[in-house]
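Colleague:
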Amino acid sequence: MSSLRVKKSPPVNVSANDGFSVVPSTDEDVQRHTVKSFASKVNDYWVWQIVSCLISVMALFALIGVLFVYDHKAIPNWPYGITINSVLSWISQILTACMVGAVATCLSQSKWIHFSSGERPLGEMNSYDWASRGALGCTAFLWRSKMRRSATIGALITIMAIGVGPFVQQTVAVVNNRVDSDIAASAVRTESYGKDGVTADELPSRDMMASIYGSLFLNSQSNSNASATTVSPDCPTGNCDIPPFRSLAICSKCSDVSHMLSLVQGSVACGSGTEYSYQLPNGLQLNYTSEVLKLDLPKNDFISTETNYYSSMQTFGQPVLPAPPVDPPTNASATQCSLFWCVNTYSSSMKDNKVNETLIDSYHNTTIMSNSQDYLLSPPAKGNLTATNYVVHRDTSLTLSDWLMNRLQFNNTFSYTCMDGAYISRGTSSFRNEFLQPLLDSPIPDLFAQIAAGMSTHVRKANQTAYLPSTGFYESSNGAPPAQGTSWTVETQIHVRWGWITLPVLLILFTMIFLVMTAVQSKIHKVDIWKSSTAPLLCSGLDHNLQERMWAVGDPMQVENLTNRVRVRLIRDDRTDTWRLDSYDVH
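Position 349 of the sequence shown, counted from 1, bears residue number 349 in the UniProt record's numbering, the numbering being contiguous throughout.
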């Protein structure tokens, strides 16, 4: 088997074992009459390693600067498809390369420091050499050294430097945030409602009736008819916020008047039996026998309750008896609801083209003007809302009130005739209309609130303003100023997670500490700054005269220059079956 050996020449430094010392020592009393070159000074003062550390620090500041500039900002649109991640990757590569380069040099110098401090196994030379070449060698070095040497700092830095790139990428998180847009947003409102020349015997406008019926038959399980009870803001971006604003509207109020019911018991008019009659103060009467139910409509509109205080367009009451009734019935109930003019305060918003409108409060103190009989509502100023007069023209209101009164009168009991002392049913009452079934299917207060919201939608779209000319009568004109709001868009932004920058910062800090430690140890142990040079090893087996010349030069950089002029060849000695380096003349 062949083996590589170093050709042994008369040693310059002789140990107890008559061996050659591969580490040049400055303890010799050898006069070196040499002048250090600029390259030697650069090497001795670790200039390139300091520059590498400075570049790493500059790269770190560049990373922090880029992250700081674009934190909570939109993703930049750079030319040629360059992204912020690629820029961060380039900077982190520069940071890592310079940092690891400085650490590798320090690891190589640690080899000479280690062997100068005592007798060491020759195999440890390879361990240091491997450690200076990358993370895998550093891992083996840590295992072999048991992490008991100062060079383990450099090995750990080299291994952990693998994570610099991923950690830098982790600092950037992409999120979608809302930002204000220059595009205006607004919501329609009105300060007046009515049409000049409308008489009380006309029908409400087709748009008003469409709003009433749309809200009446609104399917609560679907959003397809949501526009019947809400007004969508003018929001070109699909995302906006409208601060609180006021508009003329229609409100509803319902009261439980069951406590006003009176139960009267009497004899039936047909045959034998008992008849029970529930009555309200306004004349609404429900007659019940074991055979029939009969509802007598009231002659008056109002019951004396709190709902009577508002300017009402229509009041509706419906007593209810559950089926099958008990004998005598004891659980009849009655509800009275009113629709009336009011001024509502709304806040509106839209997100992803979905409208969300909130009713904040209502004002319903209505004054009937003596000169025109128009309805005037004057809510006081509140917060950012100014005091404004809201006007409803009398004839328009009466037209709407009469129509509602007609549509909200119906009877869902049976009609009958008395024949031979018995009731003969003639079917359900013909006094029915399209309002009946929705009222039977839904809670009365909820349905009236739904109708009021639908009517308010139409009223707000009138977009009218009231003004008072010299005649003293309020008049309406188109063009009520809309409620102004802010639109916003969803912007993809960069959010920096600063905690991930900790690893690069710590690695650079420990790199500078390791560099200082290596330089100080080299000074303490009086070891020349050979770093990663192989000259001390290769020259140990060369010709004795050549070794003396190199040792006389002394300075590592000048020795490197001399080795560039020395010609050597790896040859095999047939006698000893070994390999050796033979030197030739110096050119």
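We put the beta carbon where it would ideally sit given N, CA and C, even for glycine.
(1) Could you spell out the range, first to last residue, of the beta strand (DSSP E) harbouring L280?
(2) Return the first residue and the last residue of the beta strand (DSSP E) that S138 is part of.
(3) Measuring only the C-alpha atoms, how far is L284 from T358?
(4) Report buried or exposed for Y128, applying the criterion of at least 16 other Cβ atoms within 10 angstroms of its Cβ.
(5) Per DSSP, what kind of secondary structure is R178 in: helix, strand or coil?
(6) Between which two residues does the alpha helix (DSSP H) containing V355 stretch?
(7) Only counting the same chain, and skipping five residues up and downstream in sequence, which positions put a Cβ closer than 7 Å to that of G238?
(8) Within this structure, are the beta carbons of L54 and L95 separated by less than 8 Å?
(9) Does S247 come out as helix, strand or coil in the three-state DSSP assignment?
(10) Of the residues T139, A161 and V164, which one's Cα is nearest the Cα of T152?
(11) Are the beta-carbon atoms of L88 and V172 separated by less than 8 Å?
(12) Can you pull the DSSP bridge partners for A187?
(13) Out of curiosity, what's the CA-to-CA distance linking Y467 and S476?
(14) Does the beta-carbon of S37 have 16 or more other beta-carbons within 10 angstroms, so that it is buried, or is it exposed?
(15) Along the beta strand (DSSP E) that carries N344, what are the first and last residues, could you check?
(16) Compare the Cα-Cα distances from W46 to each of Y193, N77, T105 and S150 and report the closest residue.
(17) State buried or exposed for I113, treating a residue as buried only when at least 16 other CB atoms are found within 10 Å of its CB.
(18) Taking Cβ positions, are D182 and W488 nearer each other than 8 Å?
(19) To the nearest angstrom, how far is it from the Cα of A131 to the Cα of M512?
(20) Where do the ends of the alpha helix (DSSP H) carrying Y213 lie?
(21) Would you call the region 335-348 and the region 249-266 in contact, with 3 or more CB pairs under 8 Å?
(22) Grab me the residues of D574's own chain with a C-beta within less than 7 Å of its C-beta, minus the 5 sequence neighbours each way, in chain order.
(23) Is the distance from the Cβ of R460 to the Cβ of T190 below 8 Å?
(24) Give the single residue among A155, N433, S378 and D395 whose Cα lies nearest to the Cα of V100.
(25) Terminal residues of the continuous beta strand (DSSP E) containing Y467?
(26) Judging by CA-CA distance, which residue of S92, Q373, H72 and I501 is the nearest neighbour of N176?
(27) State the CB to CB distance for the pair I84 and I494, rounded to an integer number of angstroms; the pair is presumed to be in contact (CB under 8 Å).
(28) Could you say if the region 500-510 and the region 159-172 meet the contact criterion of at least three C-beta pairs nearer than 8 Å?
(29) So, under 8 Å CB-CB, S247 and N344 are touching, yes? Tell me the CB distance rounded to an integer number of Å.
(30) Buried or exposed: L408, going by 16 or more other Cβ atoms within 10 Å of its Cβ?
(31) Which one of V257, Q265, I524 and R149 has the shortest CA to CA distance from A334?
(32) Starting from I157 and walking both ways along the alpha helix (DSSP H), at which residues does that stretch end?
(33) What are the boundary residues of the beta strand (DSSP E) that includes I368?
(34) Could you spell out the range, first to last residue, of the alpha helix (DSSP H) harbouring I164?
(35) Tell me which residue opens and which closes the beta strand (DSSP E) that V391 is part of.
(36) Between the alpha carbons of I64 and P76, how many angstroms are there, rounded?
Modeller: This is what the structure holds:
(1) Taken as a continuous stretch (DSSP letters only), L280 belongs to no beta strand (DSSP E), as it is neither H nor E.
(2) Looking at the sequence shown, residue 138 is not Ser but Cys. Per DSSP, C138 belongs to no beta strand (DSSP E); it is in the alpha helix (DSSP H), A135 to S145.
(3) 36 Å
(4) buried
(5) strand
(6) Element bounds for V355: not the alpha helix (DSSP H) but the beta strand (DSSP E), K354 to Y363.
(7) M350, D352 and N353
(8) no
(9) strand
(10) T139
(11) yes
(12) A483
(13) 6 Å
(14) exposed
(15) S333 to K351
(16) T105
(17) buried
(18) no
(19) 18 Å
(20) R206 to L216
(21) yes
(22) none
(23) yes
(24) A155
(25) Q464 to Y467
(26) H72
(27) 7 Å
(28) yes
(29) 6 Å
(30) buried
(31) V257
(32) T152 to M160
(33) T366 to I368
(34) Reading off the sequence, residue 164 comes out as Val, not Ile. From DSSP, the alpha helix (DSSP H) with V164 extends over V164 to Q170.
(35) Y390 to V392
(36) 16 Å
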